[in-house]
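Asker: In my numbering, the protein residues as written are 147 to 415.
(1) Starting from the N-terminal side, write out each stretch of the beta strand (DSSP E) that is 3 residues or longer and does not extend beyond the segment 225-287.
(2) So the candidates are 281, 322, 289, 288; which of them puts its Cα closest to the Cα of residue 304?
(3) Hey, which unbroken runs of the beta strand (DSSP E) at 3 residues or more fall wholly within the segment 359-387?
(4) DSSP three-state call for residue 357: helix, strand or coil?
(5) Spatial neighbours of residue 261 within its chain, please: CB distance less than 6 Å, with the 5 preceding and 5 following residues excluded, ordered by chain position.
(6) Can you tell which of 150, 266, 315, 263 has the C-alpha that lies nearest to the C-alpha of residue 382?
(7) Short of 6 Å in beta carbon distance, which residues of its chain neighbour residue 331, apart from the five on each side in sequence? Order them along the chain.
(8) Straight-line CA distance for residue 294 to residue 200?
(9) So, for residue 319: in the same chain, excluding its five sequence neighbours on each side, which residues have a beta-carbon less than 7 Å away from its beta-carbon?
(10) Just reading off the alpha helix (DSSP H) that residue 291 is part of, what are its end residues?
(11) How would you label residue 302, buried or exposed, when you count the other beta carbons within 10 angstroms and need 16 or more for buried?
(12) Look at residue 258 and residue 164 and say whether their C-beta atoms are less than 7 Å apart.
(13) Taking residue 268 as the reference, give the member of 348, 246, 215 with the closest Cα.
(14) Opposite residue 158 in the DSSP bridges: which residues?
(15) State the start and end residues of the unbroken alpha helix (DSSP H) segment that holds residue 211.
(16) Residue 223 and residue 272: beta carbons closer than 7 Å?
(17) Flag this pair as yes or no: are the beta carbons of residue 362 and residue 390 separated by less than 7 Å?
(18) Going by alpha carbons, who is nearest to residue 181 out of 349, 328, 156?
(19) If we ignore side chains and look at the alpha-carbon of each, how far apart do residue 204 and residue 250 end up?
(20) Span of the beta strand (DSSP E) holding residue 198?
(21) Under a Cβ-count criterion, where at least 16 other Cβ atoms within 10 Å of its own Cβ denotes burial, should residue 309 be classed as buried or exposed?
(22) Quick one: grab the DSSP three-state call for residue 187.
(23) Only counting the same chain, and skipping five residues up and downstream in sequence, which positions put a Cβ closer than 8 Å to that of residue 343?
(24) For the beta strand (DSSP E) containing residue 201, name the first residue and the last one.
(25) Thinking just about the alpha-carbon of each residue, which of 158, 230, 354, 246 is nearest to the one in residue 286?
(26) Between the alpha carbons of residue 168 and residue 188, how many angstroms are there, rounded?
(27) DSSP three-state call for residue 347: helix, strand or coil?
(28) Kindly list the residues whose CB is nearer than 6 Å to the CB of residue 299, restricted to its own chain and excluding five residues on each side of it in sequence; keep chain order.
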């Protein structure tokens with residue numbers, strides 16, 4: 147498989163790129179921080195490519211995708227793992243915070259996908275986008291308005307591409323709490339948060355059942371994603387969350403949800 151992973155300089159994106167490379171796939175790792183990409187590419191294998199890409203810049207997206215396609219000899223899979231999540235009360239989010247979040251989490255996904263679409267159409271490939279349980283399974287969490295609004299928009303974007311380009315397997319990959327791997331592969335999602343405000347909202351998340359105290363094992367996350375990518379787009383949506391301490395009821399975190407012919411089908415883990 148010839149795979150392009152966007153957001154591969156750190157966190158889950160880096161985990162994905164390195165894992166695919168170690169499985170024997172040819173991978174191109176894309177992100178802004180090229181120095182970190184070089185290190186990640188070394189972990190992914192001798193044929194892995196490190197390609198600088200700023201997802202908020204259209205020309206950068208197109209140039210990076212074309213460089214990746216030329217280096218790989220085509221594109222069979224695209225994984226969009228880039229995402230930022232400012233933490234603040236909804237009324238205190240300024241225009242810059244909204245724009246940065248939408249530019250990175252939604253518009254960047256549209257730009258990268260548009261650039262990769264000719265290659266994915268030619269290969270009959272698959273495109274997977276990391277989303278959040280707050281964008282589809284739970285109400286928006288206090289403090290996460292910009293992030294969850296952007297993830298809800300991302301999910302509609304995936305649907306739009308699927309409707310207009312049915313030959314490509316567009317997949318929403320919804321993820322619960324996962325800390326990533328070690329070192330640069332550990333998620334930096336909370337970097338830059340206001341710690342005092344985080345301490346205020348954390349008990350609310352837990353009280354409402356959004357947090358169970360468990361984290362999804364990154365190897366399990368990678369195993370499921372790998373299966374989805376190799377299904378060739380026949381799985382339009384999958385949700386993976388950590389096993390909670392107690393058995394959950396229907397419709398709460400702790401389920402793997404697949405979309406069947408008649409809609410979402412919850413399956414206890």
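Where is the CB? At the ideal position from N, CA and C, for every residue including glycine.
Answerer: The relevant details are as follows:
(1) Listed in chain order, the beta strand (DSSP E) elements of length 3 or more contained wholly in the segment 225-287 are 272-278.
(2) Closest by alpha carbon: 281.
(3) Segments of the beta strand (DSSP E) lying fully in the segment 359-387: 383-386.
(4) Taken through DSSP and simplified to helix, strand or coil, residue 357 comes out as coil.
(5) Closer than 6 Å at the Cβ level, and outside the excluded window around residue 261, lie 207, 208, 211.
(6) Checked all of 150, 266, 315, 263; the closest Cα to residue 382 is 315.
(7) Excluding residues up to 5 positions away in sequence, 160, 161 lie with their Cβ nearer than 6 Å to the Cβ of residue 331 in the same chain.
(8) Rounded to the nearest angstrom, the two C-alpha atoms are 22 Å apart.
(9) Counting only Cβ-Cβ distances below 7 Å, and skipping sequence neighbours, we find 274, 275, 276, 277, 371, 374, 384.
(10) If you look at residue 291, you'll find it in the alpha helix (DSSP H) that goes 291-310.
(11) Exposed: under 16 other Cβ atoms inside 10 Å.
(12) It is not a contact, given that the beta carbons lie outside the stated cut-off.
(13) The option with the nearest alpha carbon to residue 268 is 215.
(14) Beta-bridge pairing by DSSP links residue 158 to no other residue.
(15) Per DSSP, residue 211 belongs to the alpha helix (DSSP H) from 204-218.
(16) The criterion of a C-beta distance shorter than 7 Å is satisfied by residue 223 and residue 272.
(17) For the 7 Å CB-CB criterion, residue 362 and residue 390 do not form a contact.
(18) Minimum Cα distance to residue 181 is reached at 156.
(19) When rounded, the distance between both Cα atoms is 12 Å.
(20) The continuous beta strand (DSSP E) containing residue 198 extends over residues 195-198.
(21) With fewer than 16 other Cβ atoms inside 10 Å of its own Cβ, residue 309 counts as exposed.
(22) Helix.
(23) Contacts found: 233, 234, 235, 289.
(24) Premise fails: residue 201 is in no beta strand (DSSP E) and is neither H nor E.
(25) That would be 354, whose Cα lies nearest to the Cα of residue 286.
(26) Between residue 168 and residue 188, the alpha-carbon positions lie close to 10 Å from each other.
(27) If DSSP states are grouped into helix, strand and coil, residue 347 belongs with the helices.
(28) Answer for residue 299: 252, listed in chain order.
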